[in-house]
Every structure is written in C-alpha cells, then in structure tokens.
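Going down the list, the sequences are from chains A and B.
Taken in order, the first sequence gives residues 1 to 254; the numbers are from this note's numbering.
Taken in order, the second sequence gives residues 255 to 508; the numbers are from this note's numbering.
Working notes, beginning with the structure itself.
2 protein chains.
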Amino acid sequence: MYRKNVEQKGKLNPHVSVDCAIFGFDFEELKILLIERVKPTEIPNDYFFRNISLPGNLILDNEDLDTSAKRVLRELTGLDNIFMEQFYTFGDPNRVKSKYDEEWLKSIREEPTARVITVAYYSLVKLDKLNLHAASFAQNASWYPVSKIPDLAFDHNQIVYKAIQSLKHKLHTEPIGFELLPEKFTLGQLQKLYEIILNATLDKRNFRRKILSKKVLIPLMEKQVGVPHKQAQLYSFDKEKYEEMRTEMVGFDF
Amino acid sequence: MYRKNVEQKGKLNPHVSVDCAIFGFDFEELKILLIERVKPTEIPNDYFFRNISLPGNLILDNEDLDTSAKRVLRELTGLDNIFMEQFYTFGDPNRVKSKYDEEWLKSIREEPTARVITVAYYSLVKLDKLNLHAASFAQNASWYPVSKIPDLAFDHNQIVYKAIQSLKHKLHTEPIGFELLPEKFTLGQLQKLYEIILNATLDKRNFRRKILSKKVLIPLMEKQVGVPHKQAQLYSFDKEKYEEMRTEMVGFDF
DNA sequence: TCAAAAGTGTTCGGTTTACACCCATGA
DNA sequence: TCATGGGTGTAAACCGAACACTTTTGA
C-alpha cells in the first residue's frame, strides 16, 4: 500500500533515496522520529522481525532532492514548511547490513538488490504543531530520545550520528533553535534546548544577555500561564529581522 | 579512451557521479582546476564546442563515494592522500542545461539520457607537489582563478559557488589552509592565503599572534632564500599535535 | 509555606583590535 | 639606494565567565 501510494505520483528512481532525521523537542529531551515496520519472516522460529529506521524513500525520477525530502516529511507528519537541510550523502555499497535488511527490501522494492545511495536531511519540527493522530501520520512512527536510539536498519545509526553532529554545529552558527520551539516561548525553554542539544550547562544571566543582544527576539505582551512558579515573559523569533541582518553582516554567531 | 580506461576497473553506475572542485594556491590567487574537452559537433557552422567542467565521473558500482572521488583525483593529478571533503549533493532533474550538455553526454555515456545525481567534493592540493606534465595528467586540465570562472557545463557554476562557500566556512573552523601551501611556508604566505580566500585584509601582527598561539606550527631551522627582502622564518604544520588537541578540546577556531 | 523557575548587575581576566617603525635582502 | 616584505609591543575596547539573591506563582 505504501509503495502504491508513492507510485501514483511518478516513477520511482531505484538508485537514489532520501532519508530524514526529524528532530523534535519536548522541553525535556531531544527526540527523533523513527518508523517501525513489522513483517512476517520466513526464518523458522522467528516469525516477525522489527525494522526500525529513519523515514525515507526512493526519490521520484522527475523530482528534485529537496522536493523529495519535503515529500517524505509531508507524507509522514502532514506538515509543510518545515526547516530542513541536506547534510550528507551516504553511498557505501554495503549499506545493506543484515539479512533482515535484504528481506525487507525484497518486500518493498521493485529492484531489491539495486545499489542505493541515500541523501540525508535533518529537519526540525515544532511538536505542538504536530497532530500525532492525523490521518496522514501513517505507519508506526514514534519519537525516541536521541540518547536511546535502538539498533536501526541499514546504516541508519551512522546517519543519525552524523545528523546530530550537524545539528550541533548548526546551532552554534545559526538561530535554528526556534524551529524546535512553539511560536511563543520563554527564555528558559530556549536555554534548556541549547543545554540539551549541546550537552552543556549554561549560565542563565549570560545566556539571556547574549541571546537578547542579537535583537531578533520580540517580547510579547503576554506571559506564561498555569505554571507553579513565576510566569515567564514570552518571546517570538523575528525571522524577517534576522534575514535582513544576515545579509548585511557575515558571521552571526549563536 | 577515457571511457575505456575507467571501464577496465569495474562496472559504471550510470545514476550517480562525483564531481571534484580542486583548489590550488599559487601565492597570488586561489585557483580551481577545470577540464576542457573539445568535440566535433553536428551543428552546422559550428564545428566544435567547448565543454569546460569540473573533473568528475560516474561512480563504479562497487565503489564507495569517497573512493570514487579519490579515484577522480588520482586519475587527474596523479596524487594520493589529498585533503578532500564531501560538501553537497546536487540532484536537480534538469542539471543538464543545454544542447551542448546533451551532445556531450551522448558522446561519452552509455545511457546519455539517464538522470544523474552528483555528489560534490572539494579538495585542496599543494601546487608544488603537482607535476603538470605527468603522464597521468590527462586531458586539457588547467587552473582558473576562482574570480574568473567561465561558463561551465551542467550545473557546475552552482557547484563551484557552493564549493567556495564551504571552503571559506571550513577555513574559519579548521586549519585546512596548510593543505594549500608547501610543507615549508612563511607566515606571510599563510596570511595571504587567508586574506585571499576570505576576501579580507588582516592585521599582520594580530594574525601572527593568533596563529602562533595555537601552537601547531613548528618553526624550522631554516629561512627563505632568494627573495629580494628580509628572509622569512619557515614553518611547518604539526598535524599530529593538532589532531591530539582536537580530540581533547572542542571548538578549535581558526 | 514551600518548591520551582524567573529575573536581574557587576567584576575580572582574557581576547581582539588598532596602530608604526626598523630590518635584511636582491636588484 | 631603493623597493619589498619580515618582524616586533602596547594600550584600549570588548567580550565571556563567574557569581547570589529576590520575586511570583500553584500546590
């Protein structure tokens, strides 16, 4: 059914796929969205096997790589306009690592033995925008803390590792943290996000000073409600202003 | 002949290529190595056309992407152990931009209309190690200043642009400048390299202080000779020490 | 009244910047 | 002797790091 769904939209290119490392932040941990497929197997005394992997798919033959990655995201999350960036391409001829991988490919691909290279993207989603029960939210997708990622199919553990590296690096140089937070957020939430992704503890006063000095946060006329402590000022990210500033100056460090 | 030469080594994968942006530095400018192929054409009154492009080739079917890029480099320059890094993958279905591109593909490819996505690498070579007259230095390859790059085949102008961006970025965060200089170099040469690649002027005293404070340059017992001014101290880059330091600390800025 | 996070300034030390003159060499 | 790049120190501005207490709220 999955295959059919895709084929309606064009001819699959059996040689190139995209895989997406989709990150979310729940104010506690950095999470990654993985899909699990269960398939009966012919191996005796082993009637099912689990195939946990990154969401991804073969590209369509008339489709740009970015478009393809966006499609994978939309099919899985129902979301458009998600922050997304290509970070690396994996092409080890031995990417298929186990008998399970082979079995799995046989069950979903027209050309299961074709060599496939995969272009990997990471993307950042605002969890509050995501409706996990949307009809479009297909398959057995679930969020895993990046600190507890299981054994994945193919070379996906390696891809996830590199995705996290790239994310960390990007967080140092561009204001992408906001992509993981709701439109309205507190400085405390932002700080926690930085601390968790960078795996460091930051000084509250210094962090606030630094972030506010960038002049890309808009303080809202609104405060947090329903928290058992002092209500924090809410801010939103001024993307337009940031884009302006970025074109003017070089090296806008975060 | 070119095709045959490659096919001896394995079966070509007609869907994926690698392209290499090879940079060199002659103490004056940053240069890039481009190849030019001239082919008779059937277009009336237009008996030849020029095809200037990045060196690149289809990958072999049993070959890793990095290996493939190394092969392209070795076939062209005769050099092994060159600094090399994958920076982006280009997969626009309309990468073939002109009638010339189509013609060219027809003359060299088994499947000239197949869609090809290309994994792009940049690499840095020490010009003094390169023997332009080596037998292995095939085809009409020549160095172009990056400030004067002609119209290239396919989407290669775009690839070059992104390669230069990546190189600049990398130069800020890692000591890759040494890869473009001879083993023994002066601080003046190093500074000039930074100034040219980053397109900025740097203060001599501050530059020296900063570079020397990293403690990865070994002052040699040797001075420049044959220059019509004071002879400069020669240095070499202590790669081992740098690797050590890098694993210990994070964020070794250049 | 308690727990939990919000909010707020100052000091210190290191880093970055700006800046100018004499030196050694080959032509 | 001239043109060319090599080599050097210091002061001021700036930036990052460290650090502690009061406030507001809901439970």
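Backbone N, C-alpha and C fix where the C-beta goes; we use that ideal spot for every residue, glycine too.
The structure displayed is predicted, hence computed values, not measured ones.
Span separating the alpha-carbon of residue i from that of residue j
{"i": "Glu-85 (chain A)", "j": "Ser-420 (chain B)", "result": "15 Å"}
{"i": "Arg-209 (chain A)", "j": "Pro-175 (chain A)", "result": "15 Å"}
{"i": "Leu-34 (chain A)", "j": "Tyr-144 (chain A)", "result": "7 Å"}
{"i": "Lys-170 (chain A)", "j": "Tyr-122 (chain A)", "result": "11 Å"}
{"i": "Lys-383 (chain B)", "j": "Tyr-489 (chain B)", "result": "17 Å"}
{"i": "Ser-307 (chain B)", "j": "Ala-417 (chain B)", "result": "14 Å"}
{"i": "Ala-407 (chain B)", "j": "Tyr-415 (chain B)", "result": "14 Å"}
{"i": "Pro-228 (chain A)", "j": "Leu-212 (chain A)", "result": "25 Å"}
{"i": "Ile-159 (chain A)", "j": "Arg-95 (chain A)", "result": "11 Å"}
{"i": "Ala-389 (chain B)", "j": "Leu-202 (chain A)", "result": "Residue placement at Ala-389 (chain B) is flagged as unreliable, the pLDDT there being 44, under the threshold of 50; the coordinate-derived value follows with that caveat. When rounded, the distance between both Cα atoms is 58 Å."}
{"i": "Leu-314 (chain B)", "j": "Val-270 (chain B)", "result": "9 Å"}
{"i": "Asn-51 (chain A)", "j": "Thr-67 (chain A)", "result": "26 Å"}
{"i": "Lys-204 (chain A)", "j": "Thr-77 (chain A)", "result": "34 Å"}
{"i": "Lys-223 (chain A)", "j": "Thr-186 (chain A)", "result": "9 Å"}
{"i": "Val-72 (chain A)", "j": "Pro-55 (chain A)", "result": "7 Å"}
{"i": "Thr-343 (chain B)", "j": "Lys-99 (chain A)", "result": "29 Å"}
{"i": "Leu-79 (chain A)", "j": "Phe-279 (chain B)", "result": "46 Å"}
{"i": "Val-373 (chain B)", "j": "Lys-230 (chain A)", "result": "52 Å"}
{"i": "Lys-192 (chain A)", "j": "Phe-27 (chain A)", "result": "7 Å"}
{"i": "Thr-173 (chain A)", "j": "His-426 (chain B)", "result": "12 Å"}
{"i": "Leu-12 (chain A)", "j": "Val-18 (chain A)", "result": "12 Å"}
{"i": "Cys-20 (chain A)", "j": "Glu-243 (chain A)", "result": "25 Å"}
{"i": "Glu-290 (chain B)", "j": "Asn-394 (chain B)", "result": "5 Å"}
{"i": "Leu-359 (chain B)", "j": "Val-479 (chain B)", "result": "50 Å"}
{"i": "Glu-102 (chain A)", "j": "Phe-207 (chain A)", "result": "49 Å"}
{"i": "Ile-82 (chain A)", "j": "Gly-177 (chain A)", "result": "13 Å"}
{"i": "Lys-422 (chain B)", "j": "Phe-341 (chain B)", "result": "12 Å"}
{"i": "Glu-329 (chain B)", "j": "Ser-107 (chain A)", "result": "40 Å"}
Contacts that residue i makes with chain B (C-beta to C-beta distance below 9 Å)
{"i": "Gln-86 (chain A)", "result": "Tyr-342 and Thr-343"}
{"i": "Ile-117 (chain A)", "result": "Asn-267, His-269, Val-270, Ile-313, Leu-319, Thr-343, Ile-371 and Val-373"}
7 Å Cβ shell around residue i - same chain, five flanking residues per side excluded
{"i": "Gly-188 (chain A)", "result": "Ala-232"}
{"i": "Ile-218 (chain A)", "result": "Tyr-235, Ser-236 and Asp-238"}
{"i": "Glu-195 (chain A)", "result": "Thr-201 and Leu-202"}
{"i": "Pro-182 (chain A)", "result": "Lys-126 and Asp-128"}
Partner residues on chain A for residue i, Cβ-Cβ distance less than 7 Å
{"i": "Asp-280 (chain B)", "result": "Under the 7 Å cutoff, chain A gives no residues; its nearest Cβ is about 26 Å from Asp-280 (chain B)."}
Extent of the continuous beta strand (DSSP E) run through residue i
{"i": "Gly-56 (chain A)", "result": "56 to 60"}
{"i": "Phe-83 (chain A)", "result": "83 to 90"}
{"i": "Val-326 (chain B)", "result": "Element bounds for Val-326 (chain B): not the beta strand (DSSP E) but the alpha helix (DSSP H), 319 to 331."}
{"i": "Asn-394 (chain B)", "result": "394 to 399"}
{"i": "Gly-264 (chain B)", "result": "That residue, Gly-264 (chain B), is in no beta strand (DSSP E); it is neither H nor E in DSSP."}
{"i": "Val-119 (chain A)", "result": "117 to 124"}
{"i": "Pro-219 (chain A)", "result": "217 to 223"}
Within chain A, the residues that residue i reaches when beta carbons sit closer than 8 Å
{"i": "Pro-347 (chain B)", "result": "Asp-61, Asn-62, Glu-63 and Asp-64"}
Own chain partners of residue i with C-beta closer than 8 Å, once the 5 adjacent residues on each side are dropped
{"i": "Pro-14 (chain A)", "result": "Leu-58, Arg-109, Glu-110, Glu-111, Ala-114 and Val-116"}
{"i": "Leu-220 (chain A)", "result": "Lys-184, Gln-233, Leu-234, Tyr-235 and Ser-236"}
{"i": "Val-257 (chain A)", "result": "Nothing in the structure corresponds to residue 257 (chain A), since chain A is present only between 1 and 254."}
{"i": "Asn-157 (chain A)", "result": "Ile-149 and Asp-151"}
{"i": "Asp-409 (chain B)", "result": "Phe-344, Asp-346, Arg-349 and Lys-351"}
{"i": "Lys-495 (chain B)", "result": "Lys-469 and Val-470"}
Enclosing alpha helix (DSSP H) for residue i [first to last residue]
{"i": "Val-160 (chain A)", "result": "156 to 173"}
{"i": "Ile-450 (chain B)", "result": "441 to 452"}
{"i": "Ser-467 (chain B)", "result": "458 to 467"}
{"i": "Leu-105 (chain A)", "result": "99 to 108"}
{"i": "Thr-501 (chain B)", "result": "493 to 502"}
CB contact check: residue i to chain B, cutoff 8 Å
{"i": "Ser-136 (chain A)", "result": "At Ser-136 (chain A) the pLDDT is 49, less than 50, meaning the model places this residue with poor confidence and gives no usable figure here."}
Residue i at chain A interface by Cβ criterion, 8 Å
{"i": "Leu-466 (chain B)", "result": "no"}
Own chain partners of residue i with C-beta closer than 6 Å, once the 5 adjacent residues on each side are dropped
{"i": "Glu-502 (chain B)", "result": "none"}
{"i": "Gly-10 (chain A)", "result": "Leu-60 and Asn-62"}
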